[in-house]
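**Q**
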Amino acid sequence: MADTVLYEVSDGLATITLNRPEAMNALNIAAKVALREAVESAAADEAVRAVLLTAAGERAFCVGQDLKEHIGLLAEGSQHVMSTVAEHYNPIVRALTEAPKPVVAAVNGVAAGAGFGFALAADYRLVADTASFNTSFAGVALTADSGVSWTLPRVIGPGRAADLLLFPRSITAKEALELGIANRIVPAASLRTAAEQLARMLAEGPTVAYAAIKEAVAYGYSHSLAETLVKEDELQTRAGASQDHTIAVRAFVEKGTPKYLGR
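Once you know that position 67 of the sequence shown is 80 in the numbering used here, the rest is easy, because the numbers rise by one and skip nothing.
The following block contains the structure:
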């Protein structure tokens, strides 16, 4: 991976770190390519049982598109200047949301535009008390990308989503918690430690069940009750056939602590 994104796998946990703190982790082409490769690798690697997405520095998680690079591409008159959505943002968001393992975003600072989108694509958002969120798109005369038009209404409802998209503003960590954007707020100084502890707990958990939970929630949101009940049956059959289910039941009966295998 390019040094714009750091990638490390340890004991079943893949840690992906956006690493352009001097640019508030803005996404230039190199960073987008490296991030796409990292999240796709983590999603596909059976040895990875949880993913932690975070960023270097204290000011920003990710402010989205690197507009300094973008304006140069616009000046060149390239007809492919917006191809980054299909080439980079869409694969990144799909890898995060469709990964058969839990994804935790540790939001250490400003998350704007695509940065906000990537945080929303995670399953759990642990947020520093100094962090903030902003859709930003309308502020540069663009519409939502990086999955925001899909994820944001599901998190906060379509009315509030429309408000934040039409009238971009900075959302504090406290308001993000109230809206449901943040799952939990921690002091900025302890964010990394808290995020690693949480992600490692998930990496040691029942991976097959977590994958089924992700799939069930995504499916149920856009299908009828009857269809969702059929999907639940399918997914529960899969989870029930896992080794981890047997381990968990045996541990419960024996009043022990299960040690999951992730399969």
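Glycine is no exception: its CB is placed at the ideal position from the N, C-alpha and C atoms. Only a predicted model underlies this, so the values are computations on that prediction, with no experimental measurement involved.
For Tyr20, which of helix, strand or coil comes out of DSSP?
**A** Three-state result, Tyr20: strand.
**Q** Can you look up Thr220 in the DSSP assignment and give me helix, strand or coil?
**A** Thr220 falls in the helix class under three-state DSSP.
**Q** Put Tyr293 into one of helix, strand or coil per three-state DSSP.
**A** Here the chain has residues from 14 to 276 only, and residue 293 is not among them.
**Q** Can you give me the Cβ contacts of Glu53 inside the same chain, cut-off strictly under 6 Å, excluding the 5 residues immediately before and after it?
**A** Ala108.
**Q** For Phe129, does the three-state DSSP call read helix, strand or coil?
**A** Of the three classes helix, strand and coil, the one that applies to Phe129 here is helix, per DSSP.
**Q** What's the gap between the Cα of Phe150 and the Cα of Leu178?
**A** Rounded to whole angstroms, Phe150 to Leu178 spans 7 Å at the Cα level.
**Q** What does a CB cutoff of less than 6 Å around Val123 pick up in its chain, not counting 5 residues either side in sequence?
**A** Answer for Val123: Ala73, Val76 and Ser145, listed in chain order.
**Q** So, using beta-carbon positions, are Asn192 and Ile226 closer together than 8 Å?
**A** First, the amino acid is wrong: residue 192 is Leu here, not Asn. Not a contact, by the Cβ cut-off of 8 Å.
**Q** Measuring alpha carbon to alpha carbon, tell me which of Arg173, Ala261 and Leu40 ends up nearest His83.
**A** The option with the nearest alpha carbon to His83 is Leu40.
**Q** Where in the stretch 68-156 do unbroken runs of the beta strand (DSSP E), each at least 3 residues long, occur, reported from the N-terminal end onward?
**A** Fully enclosed beta strand (DSSP E) runs of 3 or longer: 73-75, 116-120, 123-125, 137-141 and 145-147.
**Q** Any chance you could list the beta strand (DSSP E) runs of at least 3 consecutive residues sitting entirely within the stretch 167-231, in chain order?
**A** If we require 3 residues or more, the beta strand (DSSP E) runs fully inside the stretch 167-231 come out as 197-199.
**Q** Measure the CB-CB distance between Val117 and Leu48 and report whether it falls below 8 Å.
**A** No.
**Q** Under a three-way DSSP split, which group does Val61 fall into?
**A** Reduced to three states, the DSSP call for Val61 is coil.
**Q** With Val221 and Arg251 assumed to form a contact (beta carbons below 8 Å), what rounded beta-carbon distance in angstroms separates them?
**A** Between Arg251 and Val221 the Cβ distance is about 7 Å, and since that is below 8 Å, they are a contact.
**Q** What is the C-beta distance between Phe131 and Ser159, in whole angstroms, given that I count them as a contact (C-beta under 8 Å)?
**A** The pair is a contact, with the Cβ atoms about 6 Å apart (cut-off 8 Å).
**Q** What residue range does the alpha helix (DSSP H) around Leu238 cover?
**A** Leu238 to Gly253 is the extent of the alpha helix (DSSP H) around Leu238.
**Q** For Arg213 and Thr67, which I take to be in contact (beta-carbon distance under 8 Å), what is that distance rounded to the nearest angstrom?
**A** The pair is not a contact, with the Cβ atoms about 13 Å apart (cut-off 8 Å).
**Q** Could you have a look at Ala43 and say whether DSSP puts it in helix, strand or coil?
**A** DSSP places Ala43 in helix when its eight states are reduced to three.
**Q** Around the Cβ of Thr17, are there at least 16 other Cβ atoms within 10 angstroms (buried) or fewer (exposed)?
**A** Classification of Thr17: buried, given that the 10 Å Cβ count is 16 or more.
**Q** For Pro3, which residues from the same chain have a beta carbon less than 6 Å from its beta carbon, with the 5 sequence-adjacent residues on both sides left out?
**A** Missing from the structure shown is residue 3; the chain here goes from 14 to 276 and no further.
**Q** Can you list, in chain order, the residues of its chain whose CB lies under 6 Å from that of Ala63, leaving out five sequence neighbours each side?
**A** Leu26, Lys114, Pro115, Ala212, Leu215 and Ala216, listed in sequence order.
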